[in-house]
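Counted from 1, the sequence shown has number 94 at position 95 by numbering that gives the first Met the number 0; the numbering is strictly sequential.
From the three backbone atoms N, C-alpha and C, an ideal C-beta is built for every residue, glycine too.
Quick notes on the structure that follows.
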Amino acid sequence: MFCHNERIFNKMKLNIKNKTVVIIGASKGIGLYISKSFLNEGAIVHCVSRFGNKLVEKQLKSKFKKKVFFYNCDATVEKQVLDCSNKIGKLNNVDILVCNVGSGRFPNESINSSKLWSESWAINFDSALNSVRAFKKYISNGSILFISSIAGNEFINAPTDYSVAKSSLISLTKILSHKLAPEIRVNSISPGNIFIKDGTWDIISRENPKKVKKILKEKVPLKRFGKPEEVADLATFISSDRASFITGSCYIIDGGQTLSF
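This is how it looks when you write it as structure tokens:
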């Protein structure tokens with residue numbers, strides 16, 4: 000029996016159906032899985048990427064029809080992002096913006112090279128800031144989500160440029176959560192070791208399986224890689240109305256790895 004003033008809890012519904020979602024860096028990896036997660040919840044998803052992926056586009060168009068749209072845009076170039084935002088903004092206001100562009104695959108330690116540092120910074124930080132600048136005028140009572148990394152939370156011997164840029168994204172999360180409140184919530188996710196076919200950990204696993212097995216055994220309490228679907232599920236929840244009182248937070252999804260630091 001419920002008292003008359005006791006809240007009756009409904010089944011978990013994310014209420015994302017027909018929401019307009021923009022994902023920057025959506026053609027592969029975590030960004031692609033996030034795109035699929037929102038589409039599966041019934042959202043209208045605008046997938047933005049530098050080069051696109053014709054095979055993926057064909058598959059998603061076939062399944063989700065008029066719910067998914069694709070744009071080629073280099074998020075490190077401010078004018079390109081602005082032009083893209085205006086195209087999307089003319090169609091709909093934006094409910095959710097996910098900034099997922101990033102790369103830690105620079106061959107040399109960039110602290111010794113201003114050129115490499117600038118290139119990495121543009122990819123791992125400026126792409127997100129450019130996206131916020133361009134899209135925020137189209138967001139009302141919505142959500143912005145940055146995809147950072149545990150390299151931004153703790154020292155994990157990742158490239159210096161990548162670690163500093165991802166740490167800056169977490170700081171930007173906290174600052175913008177105040178600056179853009181109460182109309183826009185701002186959060187971030189820091190994934191740990193996520194296994195994606197042909198991704199960094201897939202390559203390392205093939206090159207040195209013993210090393211990878213040792214890392215998982217000694218440094219990750221759950222003793223396995225994370226799945227991109229797990230990151231996508233978290234991203235979808237944080238961006239949904241069910242997380243409407245959450246802002247300024249960074250969610251670590253790493254199987255407990257940073258607990259050992």
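Who does residue i pair with in a DSSP beta bridge?
i      : result
GLY141 : ILE183
LEU38  : Beta-bridge pairing links LEU38 to no other residue.
ILE188 : ILE146, TYR250
Would you mind sorting residue i into buried or exposed? The rule is 16 or more other CB atoms within 10 Å of its CB.
i      : result
MET0   : Here the model assigns MET0 a pLDDT of 49, short of 50, so the residue's position is not dependable, and the following value carries that caveat. Exposed.
LYS114 : exposed
GLU153 : buried
ILE33  : buried
ASN71  : exposed
ASN156 : exposed
ALA180 : exposed
GLY255 : exposed
ILE174 : exposed
PRO208 : exposed
ILE202 : exposed
With distance defined between alpha-carbon atoms, name the residue in the options nearest to residue i.
i      : options                        : result
ILE169 : ILE149, GLU182, GLU77          : ILE149
PRO158 : ARG205, ASP201, GLY101         : GLY101
VAL80  : SER166, SER48, PHE68           : SER48
GLY198 : GLY103, LYS10, ASP240          : GLY103
ASP253 : VAL21, SER147, LYS135          : SER147
LYS65  : GLU118, LEU90, CYS83           : LEU90
THR172 : PRO227, GLU118, SER142, ASN192 : SER142
LYS62  : LEU38, PHE145, SER238          : LEU38
LYS136 : ASN123, SER117, SER162, ILE95  : ILE95
Please go through the same chain and pick out, in chain order, the residues whose beta-carbon is closer than 8 angstroms to the beta-carbon of residue i, but skip the five residues on each side of it.
i     : result
MET11 : ARG241
VAL55 : SER26, LYS27, LEU31
ASN17 : GLY41, ALA42, ILE43
Could you pull out every residue in the same chain whose Cβ sits closer than 7 angstroms to the Cβ of residue i, ignoring the five residues on either side in sequence?
i      : result
GLY51  : SER26, PHE69, ASN71
TRP317 : What is shown of the chain runs 0 to 260, which leaves residue 317 out entirely.
Report the CB separation of residue i from residue j in whole angstroms; it is logged as a contact under 8 angstroms.
i      : j      : result
ILE183 : ILE138 : 5 angstroms
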